[in-house]
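Residue numbers (my numbering), protein chains in the order written: chain A, 17 to 329; chain B, 2 to 250. Here a beta-carbon is modelled for each residue, glycine too, at the ideal position from N, C-alpha and C. Here the structure comes first, spelled out in C-alpha cells, and everything after it is commentary.
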C-alpha cells in the first residue's frame, strides 16, 4: 500500500493540517508520499521532506497551481492516482473543495472527515453534526478520504529526510480563474491551531461588544471564535464560526461566552480538553458539556476574569 | 438561462437525532423531515436570480424515496417552476446522486446548478464537486456571493481565514454557504400554487445510472458523552480551577 497525502500549504510553508493528515496515513499503514502542488512552493516541499515518516515528496510546480483551483489540482492528482491505494487530504476549505472532484473522476465514493482508522478500508466518521459516529467500509479500489484534523495528533514536523521528486502538472483547465482574496489579518493564533479559544455567542449582543473579549483573548494568547448565531446576527465574520457548519476545533481550553450551546455549535468544539462556559441562563445546554461554568452576566464576569488573570499572574 | 437546484430531504435541523439500539443507523421513523437548510439557500439564490431577470426557469431535483415529493412541493412553493424526482429506495450516496444529477443535466442543459454545500444528515460535502467533475464543468464551492454575467459568474467563497473570489466559466456548479442569503418563508398562496406545478418522476434505471452504495455502514454509535462539570462562584474561583486543577493556563 502506498498513500498519497495532499499537503496544505501557502507555498512558502506547510500548514499544520498536513501533519495531522500524515498521522492518519500512518494509522492506515504503508509508504507515505506527500504531494506539494503549488507555485514557487519549494519552501513547502522542503518542509514536507522533513516530516517524520514521509518516504517521498512529489513537487508539482506551475502558475496554474498557484491558487489551488479545484479543477487544476484535481486533474494533477488524478494523473498520479494509479500508483496509490489511498489519497488523503485534510478537511480544510481547500481539501473539501478539491477531494470530491478527485473521487468522482476516479469513480470512487469519497469518505469525508474521518476521525479514526479501524482498518485500511474501514473508517469512523461523524454524521448528523457529530451526534452519531458511523463506521464505514469502502468497496472502492482506491480510497479517497478527507481527514478531520482534530481526530489525529500531528506527527513531528522534523526527523524525516525524504527525497523531493518533481512531477509534471496538467495545463490550466481554463474553467476558472482567481480574482482576489480577503484574508482576515490577525495577530492572534489561527482558530483551528490555537491552544486556547475564546468564543462569543448571541449573548454578546453586538459586534461592538466582542471587543470585550479581546483583553481576555490577549491575556490567554487565544484565538477568537463565535457561534453560528453570532455570525448570523452579523456580529463577526463567518471565518470565526465554530460548529458543524464552521470550523471544528479541539483546543486545550475552550471558553464559551454568551453561547447557549446549540447542537450545531457543540459539534464544533466538544472535543476540546477543557470547556468553560459563562452564561446568564443556568439552564443553557452549554453547561451540560462544560467542565467549569459560571452563571452570571458576561459583561460583569469577563472583565473580572481579565482582572483575576492579571492579579494571579 | 435555466437554473437547476438539487434539494435533499433530511431530518429537520431542530431534531435531536437518536442512534438506533441495534447500531444500524439513526432513528428516522416518525421524525420531522425538512429540506436540507443549505439547499433552501440554493433555491433562494435561484429564485432571486429569476426575480432579477437573470434566470428564466428553475428546475428543482431531488433523489430519494417517494416522500421527497413533499420536499419538491416546498421547492415549488418557494419558487421553482417545475420539479423532478429521481425515485429510489436505495441508500443514495453522494457519487450516485452526482451521477443522477449529471444525467438530468445532460437532458436539461442548465447554465447553472446550485447545490447546498453539504447535507446535515451525512455531512459529506461532496455532491456539488462530484457533479462538476463528472460534467467537466467549473465549480465554486462555499459561495457567499454570486454575481452572474453573460458567460461567466464571479463567486465569493468562504475559505479558511477569510474570503476568496473566483471567476467561473458557465455552465458551472455553485455550492452554497450560510451567508449567501436568507431564505424566504413559504406563503400559503404559494403552497396552493405549487400543487399545480409539474412534478415528473424518473427512475435511476431509466437514466442509466448504477446507484449501488460503495460504502457499507458497519455500525452507528453515539459519540462518547462529556460529563457536565461544576459551577464555580466567580472569576477568581474559575482562574484557580483552571490553573491548579485543569492546569490549562
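Here residue 54/B is exposed. Its C-beta has fewer than 16 other C-beta atoms within 10 Å. Around residue 303/A, the beta-carbon contacts reaching into chain B at under 8 Å are 229 and 232. Residue contact check for residue 199/A against chain B: a CB pair falls below 8 Å. A residue is called buried when at least 16 other Cβ atoms come within 10 angstroms of its Cβ; residue 56/A does not meet this threshold and is exposed. For residue 316/A, there are no CB contacts under 8 Å within the same chain when 5 residues up- and downstream are skipped. In the DSSP assignment, residue 143/B falls within the unbroken beta strand (DSSP E) covering 139 to 149.
Bounds of the beta strand (DSSP E) holding residue 194/A are 192 to 199.
Taking 8 Å as the threshold, the shortest C-beta distance from residue 220/B to chain A falls below it. Checking the DSSP bridge columns, you'll see residue 75/A partnered with 52/A and 182/A. In the DSSP assignment, residue 52/B falls within the alpha helix (DSSP H) that extends over 38 to 52. In the structure shown, residue 150/A adopts extended strand secondary structure according to DSSP, grouped into three states. Only residues of its own chain outside the window of five on either side were considered, and among them 114, 117, 118 and 121 have a CB closer than 8 Å to the CB of residue 90/A, listed in chain order. Note that the C-beta distance between residue 128/B and residue 98/B is below 8 Å. Taking 9 Å as the Cβ-Cβ cut-off, the region 126 to 150 of chain B approaches chain A at 126, 127, 128, 129, 130, 131, 132, 133, 134, 135, 137, 138, 139, 140, 141, 142, 143 and 145, given in chain order. Within the same chain, Cβ atoms closer than 7 Å to the Cβ of residue 39/B are found at 117, 118, 119 and 177, the five residues on either side in sequence being excluded. With respect to the C-alpha of residue 94/B, the residue from 242/A, 18/A and 154/A having the closest C-alpha is 154/A. Boundaries of the alpha helix (DSSP H) harbouring residue 284/A: 279 to 285, taken from the DSSP string.
Residue range 290 to 295 is occupied by the beta strand (DSSP E) that includes residue 295/A, with no alpha helix (DSSP H) assigned at that position. When the beta-carbon positions are compared, residue 291/A and residue 215/A stay at least 8 Å from each other.
If the five residues before and after residue 188/A are omitted, its C-beta is found closer than 7 Å to the C-beta atoms of 80 and 88, all from its own chain and listed in chain order.
According to the DSSP assignment, residue 64/B belongs to the beta strand (DSSP E) that extends over 58 to 65. Excluding residues up to 5 positions away in sequence, 59, 60 and 63 lie with their Cβ nearer than 7 Å to the Cβ of residue 29/A in the same chain. By the beta-carbon neighbour count (other beta carbons within 10 angstroms, threshold 16), residue 217/B is exposed.
Taking 7 Å as the Cβ-Cβ cut-off, the region 105 to 128 of chain B approaches chain A at 121, 122, 123, 124, 125, 126 and 127, given in chain order. When C-beta atoms of the region 22 to 41 of chain B are compared with those of the region 232 to 243 of chain B, fewer than three pairs fall below 8 Å, so the two segments do not count as touching. A Cβ-Cβ separation of about 19 Å leaves residue 296/A out of contact with residue 307/A under the 8 Å criterion. Judged by DSSP secondary structure, residue 81/A falls outside any beta strand (DSSP E); it is assigned neither H nor E. Contact annotation for residue 100/A against chain B: no contact, minimum CB-CB distance about 17 Å [criterion: below 7 Å]. The beta carbons of residue 94/A and residue 50/A sit no closer together than 8 Å.
Beta-bridge analysis with DSSP links residue 47/A to 18/A. For residue 239/B, the enclosing alpha helix (DSSP H) begins and ends at 236 to 241.
Of all residues in the region 305 to 317 of chain A, those with a C-beta nearer than 7 Å to a C-beta of chain B are 305, 306, 307, 308, 309, 310, 311 and 317, reading in chain order. Apart from the 5 residues on each side of it in sequence, residue 75/A sits with its Cβ closer than 6 Å to the Cβ of 52, 61, 180 and 182 in its chain, given in chain order.
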